[in-house]
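Novice:
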Amino acid sequence: MSQSSVSYLWREPEAVKGFTTGVSLHSHTNQSKETLDFISELSRDWSVLQPVMRWAERRCKRLTGINPDYARSYWTPPLTPSLAFDLERRQIEEKLQLTGLVSITDHDDIQAPMLLRTVAGSRHIPVSVEWTVPYGCTAFHLGIHNLPSARGTAWMERLAAFTAMSAETRPPKLLTEMLAELDEIPGVLIVFNHPLWDLYRVGTEKHEVLVNDFLAVNGQFVHALELNGLRDWKENRETSTLAGKWNQLVISGGDRHGIEPNANVNLTRAKSFNEFVHEVRRERQSHVLFMPQYAEPWKHRILQSTLAAIRNYPDFPEGSQLWDERVYHPDAEGVIQPLTRLWMSGKAPAVCQVAVALVRMMGAGPVSSGLRMAWNDSGEMRAALARE
Numbered sequence: 003m004s005q006s007s008v009s010y011l012w013r014e015p016e017a018v019k020g021f022t023t024g025v026s027l028h029s030h031t032n033q034s035k036e037t038l039d040f041i042s043e044l045s046r047d048w049s050v051l052q053p054v055m056r057w058a059e060r061r062c063k064r065l066t067g068i069n070p071d072y073a074r075s076y077w078t079p080p081l082t083p084s085l086a087f088d089l090e091r092r093q094i095e096e097k098l099q100l101t102g103l104v105s106i107t108d109h110d111d112i113q114a115p116m117l118l119r120t121v122a123g124s125r126h127i128p129v130s131v132e133w134t135v136p137y138g139c140t141a142f143h144l145g146i147h148n149l150p151s152a153r154g155t156a157w158m159e160r161l162a163a164f165t166a167m168s169a170e171t172r173p174p175k176l177l178t179e180m181l182a183e184l185d186e187i188p189g190v191l192i193v194f195n196h197p198l199w200d201l202y203r204v205g206t207e208k209h210e211v212l213v214n215d216f217l218a219v220n221g222q223f224v225h226a227l228e229l230n231g232l233r234d235w236k237e238n239r240e241t242s243t244l245a246g247k248w249n250q251l252v253i254s255g256g257d258r259h260g261i262e263p264n265a266n267v268n269l270t271r272a273k274s275f276n277e278f279v280h281e282v283r284r285e286r287q288s289h290v291l292f293m294p295q296y297a298e299p300w301k302h303r304i305l306q307s308t309l310a311a312i313r314n315y316p317d318f319p320e321g322s323q324l325w326d327e328r329v330y331h332p333d334a335e336g337v338i339q340p341l342t343r344l345w346m347s348g349k350a351p352a353v354c355q356v357a358v359a360l361v362r363m364m365g366a367g368p369v370s371s372g373l374r375m376a377w378n379d380s381g382e383m384r385a386a387l388a389r390e
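To get the numbering used here, take the position in the sequence shown, counting from 1, and add 2.
(1) Who pairs with Ala226 in a beta bridge, going by DSSP?
(2) Please give the ranges of any alpha helix (DSSP H) in the segment 283 to 309, keeping only runs that are unbroken, at least 4 residues long and fully inside the region.
(3) So, at 8 Å on beta carbons, what are the nonlocal neighbours of Asn148 in its own chain, with the 5 sequence-adjacent residues on each side left out?
(4) Quick check on DSSP: helix, strand or coil for Phe21?
(5) Going by other Cβ atoms of all chains shown within 10 Å of its Cβ, with 16 needed for buried, is Trp199 buried or exposed?
(6) Mind checking whether Gly24 and Leu117 have CB atoms under 9 Å apart?
(7) In terms of residue numbering, what span does the beta strand (DSSP E) encompassing Phe142 cover?
(8) Let me make sure I understand the geometry here. Which of Arg172, Leu269, Tyr10 and Ala162 has the alpha-carbon closest to that of Leu100?
(9) In terms of residues, what are the limits of the beta strand (DSSP E) holding Glu132?
(10) What's the call for Arg328, buried or exposed, on a 16-neighbour Cβ count within 10 Å?
(11) Determine the DSSP secondary structure at Trp77, reduced to helix, strand or coil.
(12) With burial defined as no fewer than 16 other Cβ atoms inside 10 Å of the residue's Cβ, what is the status of Ala163: buried or exposed?
(13) Give the DSSP-derived three-state secondary structure of Leu251 in the structure shown.
(14) Where does Ser322 fall in DSSP's three states?
(15) Suppose you measure from the CA of Ala114 to the CA of Asp108; what does that come to, to the nearest Å?
(16) Taking the C-alpha atoms as reference points, what is the distance between Pro150 and Met180?
(17) Give me the Cα-Cα distance between Leu144 and Lys349, rounded to the nearest whole angstrom.
(18) In or out: Ser168 buried (at least 16 other Cβ within 10 Å) or exposed?
(19) Within 10 angstroms of its Cβ, does Ser7 collect 16 or more other Cβ (buried), or is it exposed?
(20) Gln5 by DSSP, collapsed to three states: which one?
(21) Counting pairs of beta carbons, one from the segment 303 to 311 and one from the segment 7 to 22, are three or more of them closer than 8 Å?
(22) Could you check if Pro83 is buried or exposed, using at least 16 other CB atoms within 10 Å of its CB as the buried criterion?
(23) Rounded to whole angstroms, what is the Cα-Cα separation between Tyr202 and Gly231?
(24) Closest by CA to Asn69, which one among Trp57, Ala152 and Leu27?
(25) Give the straight-line distance between the Cα atoms of Asn391 and Ala311, rounded to the nearest whole angstrom.
(26) Identify which residue in Lys236, Asn195, Val361 and Val204 has its Cα closest to the Cα of Leu217.
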């Protein structure tokens, strides 16, 4: 039987006693390409934005010859692999006084761990990825942790090829076959990330039907369902219920994109990532610890993550300093370029500067404090936990 425990550091300060290691799972670096599709979705959902969006798109085409292409555009998180690794390890070592293990999972890319493995201080980092898995009319994100380093690149090519296949050309049993093959590698850990988040907006009921169908077919090759540090408390509770239904463990996954370290970690007595995987897969044990930042209002934390994406960081390495260095779009010839190379005047248009300034204003002291109070949804969570 699967045995999971979930603790909250702000109400159980002794939760780490008896453990020697903290494991940070699921975080992102500037090697991760984050879609900008949400911009076009906003204009569809908020009809008031449609005229503004269409005007801006026509103006862009007229002045630059570039048609806005949200599907091919993307942004990258601000932290380099080294900065991200240090941030996650430092939280575990300094706040919990435990040895820190870190598994970075960029979207469909293993460059960050491969780069970090060339540095002495991080050479034991597992080769991991967040794999985008098309499934029916949606897609799921699977954390594939600890790929064999010698075969990491070959595996990434196979995973990317599956993601790129059209539904018409994809063999119906290929996904199950690939998951079974991954499961045969003893050190690999397969996690169903944020399973109840309807990320591709197919509708809650349809999404849940597809999730249960996926688990019915492939659940034997999934080792845990993720409690996500950037999803709200109710969704994570529902994920725990889902895990119980399918006799699955729950496991941590911070999903950090900004500069706040993961809001949850796993506690273990393992001394290496391989030992941790053995504990989860063979011993069927998982101990999730939520950090104090998870008790902050959820919408406020999402705002802070958004602000981290559009801030400038003058002390960061070149290419990660300015927000528009971290946003990419095809040029008139279709070649992907950072926005800094596409601005006509060498700087962002006034309308972009105003929009960024307005969002940043939401993070300013008085406004941020007011929003934090208005969005304070943590009372319900605290009350429910007190009743347990």
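C-beta atoms are modelled at their ideal positions from N, C-alpha and C, and glycine is treated no differently.
Specialist: According to the structure data:
(1) DSSP output for Ala226 lists Val193 as bridge partner(s).
(2) You should have found no qualifying run.
(3) Cβ neighbours of Asn148 beyond the five flanking positions: Ser105, Pro128, Val129, Ser130, Gly189, Val190, Leu191, Phe275, Asn276 and Val279.
(4) Coil.
(5) Within a 10 Å sphere around the beta-carbon of Trp199 sit 16 or more other beta-carbons, which makes this residue buried.
(6) The answer is no: Cβ separation not under 9 Å.
(7) Thr140 to Leu149 is the span of the beta strand (DSSP E), which, as asked, contains Phe142.
(8) For the set Arg172, Leu269, Tyr10 and Ala162, the Cα lying nearest the Cα of Leu100 is the one of Leu269.
(9) Here the beta strand (DSSP E) through Glu132 covers Val129 to Tyr137.
(10) By the neighbour-count rule (16 or more Cβ atoms within 10 Å), Arg328 is buried.
(11) For Trp77, the secondary structure class from DSSP, reduced to helix, strand or coil, is strand.
(12) By the 10 Å Cβ count, Ala163 comes out exposed.
(13) Correct three-state label for Leu251: coil.
(14) Note: Ser322 maps to coil in three-state DSSP.
(15) Cα to Cα, Ala114 sits roughly 8 Å from Asp108.
(16) Pairing Pro150 with Met180, the inter-Cα distance amounts to about 15 Å.
(17) One C-alpha to the other measures close to 38 Å.
(18) Ser168 comes out exposed.
(19) The residue in question, Ser7, is exposed, as its Cβ has fewer than 16 Cβ neighbours within 10 Å.
(20) Three-state result, Gln5: strand.
(21) Contact between the segment 303 to 311 and the segment 7 to 22 is absent: fewer than 3 CB-CB pairs across the two stretches fall below 8 Å.
(22) Classification of Pro83: buried, given that the 10 Å Cβ count is 16 or more.
(23) Their backbone Cα atoms lie some 19 Å apart in a straight line.
(24) Nearest option by C-alpha distance: Trp57.
(25) Lying outside 3 to 390, the shown extent of the chain, residue 391 is not represented and no answer is given.
(26) Of the candidates Lys236, Asn195, Val361 and Val204, Asn195 places its Cα closest to the Cα of Leu217.
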